Amino acid sequence: MAILFALLIGVLTTAGVYLSLRAQTFPVVMGLTLLSYAVNLFLFGTGRMASNAAAVIEPHATYTDPLPQALVLTAIVIAFAMTAFVIVLALKTRAELGSDHVDGASDAPTHPAEPHKKPTC
Amino acid sequence: MALQWLALPVFLPILSAIALIALHRSGIRIQRIISGASMSILLICVAYLLASGFGDNPQVYPMGDWPAPFGIVWVYDRLSGLMLLLTALLAVVSFLYAIATDEDKKGAHFHALFQAQLFGLNGAFLTGDVFNLFVFFEVLLLASYGLMLHGGGAARSRAGLHYMVINLIGSTIFLFAVGALYGVLGTLNLADLAVKIGQAPTSTYGLIAAASFLLFVVFAIKAAAFPLYLWLPGTYSETSAPVAALFAIMTKVGLYAMLRVHGTLFNEHTAPTNLINLIDPWMLLLGLLTLIMATLGVLAAVNVRRQVAYLVLASVGTLMIALGINTANALTGGLYYWIHTTLLTAGFFLLADQIVRTRGDQIGETHPPMPQAILAGSLFMVYAIGLAGLPPLTGFFGKTLILFAALASPLWVPIYAAILISSVLMVIALARSGSALFYRVEHAPVPNPPTPTLINTPLSWVAVALPVSLAIGMVIASKPITQWLDDTSNQIRDTPRYIQRVLHPEQTEPATGFAPHPMHGIEVSP
Chain A
1 MAILFALLIG
11 VLTTAGVYLS
21 LRAQTFPVVM
31 GLTLLSYAVN
41 LFLFGTGRMA
51 SNAAAVIEPH
61 ATYTDPLPQA
71 LVLTAIVIAF
81 AMTAFVIVLA
91 LKTRAELGSD
101 HVDGASDAPT
111 HPAEPHKKPT
121 C
Chain B
1001 MALQWLALPV
1011 FLPILSAIAL
1021 IALHRSGIRI
1031 QRIISGASMS
1041 ILLICVAYLL
1051 ASGFGDNPQV
1061 YPMGDWPAPF
1071 GIVWVYDRLS
1081 GLMLLLTALL
1091 AVVSFLYAIA
1101 TDEDKKGAHF
1111 HALFQAQLFG
1121 LNGAFLTGDV
1131 FNLFVFFEVL
1141 LLASYGLMLH
1151 GGGAARSRAG
1161 LHYMVINLIG
1171 STIFLFAVGA
1181 LYGVLGTLNL
1191 ADLAVKIGQA
1201 PTSTYGLIAA
1211 ASFLLFVVFA
1221 IKAAAFPLYL
1231 WLPGTYSETS
1241 APVAALFAIM
1251 TKVGLYAMLR
1261 VHGTLFNEHT
1271 APTNLINLID
1281 PWMLLLGLLT
1291 LIMATLGVLA
1301 AVNVRRQVAY
1311 LVLASVGTLM
1321 IALGINTANA
1331 LTGGLYYWIH
1341 TTLLTAGFFL
1351 LADQIVRTRG
1361 DQIGETHPPM
1371 PQAILAGSLF
1381 MVYAIGLAGL
1391 PPLTGFFGKT
1401 LILFAALASP
1411 LWVPIYAAIL
1421 ISSVLMVIAL
1431 ARSGSALFYR
1441 VEHAPVPNPP
1451 TPTLINTPLS
1461 WVAVALPVSL
1471 AIGMVIASKP
1481 ITQWLDDTSN
1491 QIRDTPRYIQ
1501 RVLHPEQTEP
1511 ATGFAPHPMH
1521 GIEVSP
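Below is the structure:
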């Protein structure tokens, strides 16, 4: 289970990093969201995984540390608020700059460049 | 003094923010009165806390009376007290300028956001817990996004988006680092972390170091250190002037967190030998690079506000050099420079805004002579002297103290070269922009003269002159201030006492060895 969990976090982080490096605001927001999912799972995992076991009962029982779950809860709330804010800001920049490029550039650089035409003379 | 008073610097701003949101329909006048009253009480309170010597021994306030490793503690020592006082001073200056220029009327919730920003800053300076530090970072960032965008405009929105995205990535990295530290050591209290790192098995050093470097990256984003500074010039030059002045403390939050977290975790008393002063070489190196890049930016800037933004960056570089040398003397010099640069860059942002309002933003263009040019020009000269580090103002003393301390470092040659050459180049750049701004004027009547939007009001001049008069006071009182800062830097480096005050408040003397206690997930050999 631990390997599957680690792979999941890794895939989410990879996708998040890739998307946040894109030039349009929508993929960037998606990337930030995926990154926050990855980090929430990571925090969850730091409490160690014990499936089919009791919560804290006796000193030597196998159990999952409950504190990271509280940390995750805080992180989720904060990430939720931040995502909402960044979406609104992205829409505002889209409206004000007339383009969803993160630098407000026109659409030209985001399309694959047209093959260079030879001068006809 | 009752420990509960420590809650005041944190709860007063958030209570006034709530009151301001509730009263946001009752007009700007009421909002200004509430905000100003709350800020004055805050300033008096933190100034009294600092002057009374309350923080001479670190004071620990356990929230809800839960003892240290389990509950969240607030720790007030001299460094926290100094940061609280600086924040309150900047807040008052920015507030005065905002009401003098009616900048707070351009949007609905300026004062509420301003108070929320103070809530986050004060909380970050007082907390003794890494996760709580994360939460207060988020609070201050969320408020700063709102403040940064206050007033609107396309360029501001674009810079705000950049600022927000990089800080969101920083928050994610912060959480990864916190999770890794908790997973290895089972605690997030700073003092307890320092103890447990000393007891951790060798096999966990790699993880601890990785988590600490992740934290360093996060704090470097906040502080705008070398590869991660590109958000700063845009953000600071596009936002409104009072906000930029308040943001002068924001880069210092990152530096404060490096000093507090890494200084406590990897001190020479409790950390294992391999990990002592883990990030100091990196801080020194990145500080040098930041200073070089910032100086090039100051030289290349074509408008006034961007030039001031690069001056903020240069001060971050110099401070990182001082913190990276990490001797008591370097820390004293660094803290002196810290106070100086926070106050003066804030004031310089306000002055730049006054120049932009009456003259125009581009340094290279010629304009008709600006009104009040003598007043503005004189203040510009004083600020330029202070920030470039010429005598007799505080920048000179700060840099001299840092340079004296740098003699102890093996890298003293590059440090001397970087600080001295950058000072010369900054003098040249500021002299050039000063002469272009104030001397290169058109006397011939231009066909369509740009009428100045407004003449700057006396109150705004008070706000601009306040930081520089504080700096002059710092020069006059430099001996008592440096002595006080000497004791402060000794206190910062005395981690065993910090640990004893947090974890064993019943003892009077700092213990030398700390009893090992079981670590979560790891078997500790007895």
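Chains as they are written, first to last, in my numbering: chain A, 1 to 121; chain B, 1001 to 1526. Yeah, the Cβ is synthetic: ideal placement off N, Cα and C, and Gly gets one too. Note that the structure is a prediction, hence the values are computed from the model and not measured.
Tell me which residue opens and which closes the alpha helix (DSSP H) that residue i is part of.
i	result
V11 (chain A)	A2 to S20
P68 (chain A)	L67 to L97
P1458 (chain B)	P1458 to I1476
L1426 (chain B)	Rather than Leu, the amino acid found at residue 1426 (chain B) in this sequence is Met. Its alpha helix (DSSP H) spans residues W1412 to F1438.
M1039 (chain B)	I1028 to A1051
A1384 (chain B)	A1373 to A1388
A1019 (chain B)	L1008 to A1022
P27 (chain A)	T25 to G45
V1441 (chain B)	No alpha helix (DSSP H) holds V1441 (chain B); DSSP gives it neither H nor E.
G1398 (chain B)	T1394 to A1406
T1495 (chain B)	T1495 to L1503
Taking the Cβ atom as the reference point for each residue, do residue i and residue j lie within a distance shorter than 8 Å?
i	j	result
D1129 (chain B)	Q1491 (chain B)	no
T1290 (chain B)	Y1336 (chain B)	no
L1190 (chain B)	T1264 (chain B)	yes
L1343 (chain B)	L1470 (chain B)	yes
L1278 (chain B)	L1323 (chain B)	no
E1103 (chain B)	R1156 (chain B)	no
S1224 (chain B)	L1232 (chain B)	What sits at residue 1224 (chain B) in the sequence shown is Ala, not Ser. Yes.
G1434 (chain B)	F1380 (chain B)	yes
T74 (chain A)	V1261 (chain B)	no
A38 (chain A)	I3 (chain A)	no
L1085 (chain B)	V1060 (chain B)	no
A50 (chain A)	T33 (chain A)	no
L1147 (chain B)	V1304 (chain B)	no
A1019 (chain B)	I1034 (chain B)	yes
F1219 (chain B)	G1183 (chain B)	no
S1038 (chain B)	P1013 (chain B)	yes
F1396 (chain B)	L1387 (chain B)	no
L1284 (chain B)	I1221 (chain B)	no
L1139 (chain B)	A1116 (chain B)	For the sequence presented, residue 1139 (chain B) should be read as Val rather than Leu. Cβ atoms of V1139 (chain B) and A1116 (chain B): closer than 8 Å.
L1350 (chain B)	A1248 (chain B)	no
For the beta strand (DSSP E) that contains residue i, what are its first and last residues?
i	result
V1075 (chain B)	V1073 to Y1076
Q1117 (chain B)	From DSSP, Q1117 (chain B) is part of no beta strand (DSSP E) but of the alpha helix (DSSP H) over F1110 to L1126.
Y1061 (chain B)	Q1059 to P1062
Can you tell me the Cα-Cα spacing of residue i and residue j, whole angstroms?
i	j	result
L1089 (chain B)	T1345 (chain B)	13 Å
L1050 (chain B)	I1321 (chain B)	27 Å
N1132 (chain B)	F1213 (chain B)	19 Å
A1314 (chain B)	W1074 (chain B)	32 Å
I1522 (chain B)	D1192 (chain B)	Annotation note: pLDDT 47 at I1522 (chain B) (below 50); position unreliable, no value reported.
A1301 (chain B)	L1311 (chain B)	11 Å
D1000 (chain B)	A1159 (chain B)	The structure shown does not extend to residue 1000 (chain B), since chain B spans only 1001 to 1526, so no value can be given for it.
A113 (chain A)	L97 (chain A)	In this predicted model, A113 (chain A) has a pLDDT of only 45, less than 50, meaning its place in the structure is not dependable; the value taken from the coordinates is given anyway. The straight-line gap from Cα to Cα measures roughly 22 Å.
T1087 (chain B)	L1161 (chain B)	25 Å
E1442 (chain B)	A1431 (chain B)	20 Å
K118 (chain A)	R1306 (chain B)	For K118 (chain A), the predicted model reports a pLDDT of 48, less than 50, meaning its position is unreliable and no value from the coordinates is stated.
F1404 (chain B)	A1177 (chain B)	35 Å
D1487 (chain B)	A1328 (chain B)	9 Å
I1355 (chain B)	N40 (chain A)	47 Å
P109 (chain A)	G1297 (chain B)	Unreliable placement is indicated for P109 (chain A), whose pLDDT of 48 sits below 50; no coordinate value is reported for it.
Y1383 (chain B)	L1006 (chain B)	34 Å
Y1498 (chain B)	A1124 (chain B)	17 Å
T1457 (chain B)	I1044 (chain B)	26 Å
T120 (chain A)	L1168 (chain B)	Annotation note: pLDDT 46 at T120 (chain A) (below 50); position unreliable, no value reported.
G1198 (chain B)	A1209 (chain B)	13 Å
L1121 (chain B)	N52 (chain A)	43 Å
S1040 (chain B)	L1275 (chain B)	44 Å
Mind checking whether the beta-carbon of residue i lies closer than 7 Å to any heavy atom of the ligand NAD?
i	result
A1471 (chain B)	The ligand NAD is absent from the structure shown, which contains no ligand whatsoever.
Kindly provide the ranges of any alpha helix (DSSP H) runs that are 4 or more residues long and lie completely inside the region 1289-1356 of chain B, ordered along the chain. 1304-1325
Near-chain A residues of the region 1156-1184 of chain B - C-beta to any C-beta below 8 Å: S1157, R1158, G1160, L1161, H1162, M1164, V1165, L1168, I1169, S1171, T1172, L1175, F1176, V1178, G1179, A1180, Y1182 and G1183
Let me know the alpha helix (DSSP H) ranges lying completely inside the region 1185-1260 of chain B, each 4 residues or longer, listed in chain order. 1190-1199, 1205-1223, 1231-1238, 1241-1247 and 1250-1257
Report the residues of the region 88-99 of chain A with a CB closer than 8 Å to any CB of chain B, ordered along the chain. L89, A90, K92, T93, E96 and L97
Using Cβ-Cβ distances below 7 Å, what residues of the region 1111-1127 of chain B are close to chain A? none
Whole alpha helix (DSSP H) runs in the region 1129-1166 of chain B with 4 or more residues, listed along the chain? 1130-1149
Where the region 1205-1222 of chain B meets chain A: residues whose CB sits under 8 Å from a CB there: none
Scan the region 1326-1356 of chain B for residues whose Cβ lies nearer than 8 Å to a Cβ of chain A and list them as they occur along the chain. none
What residues from the region 20-31 of chain A come within 8 Å of chain B, judged by C-beta to C-beta, listed N to C? S20, T25 and V28
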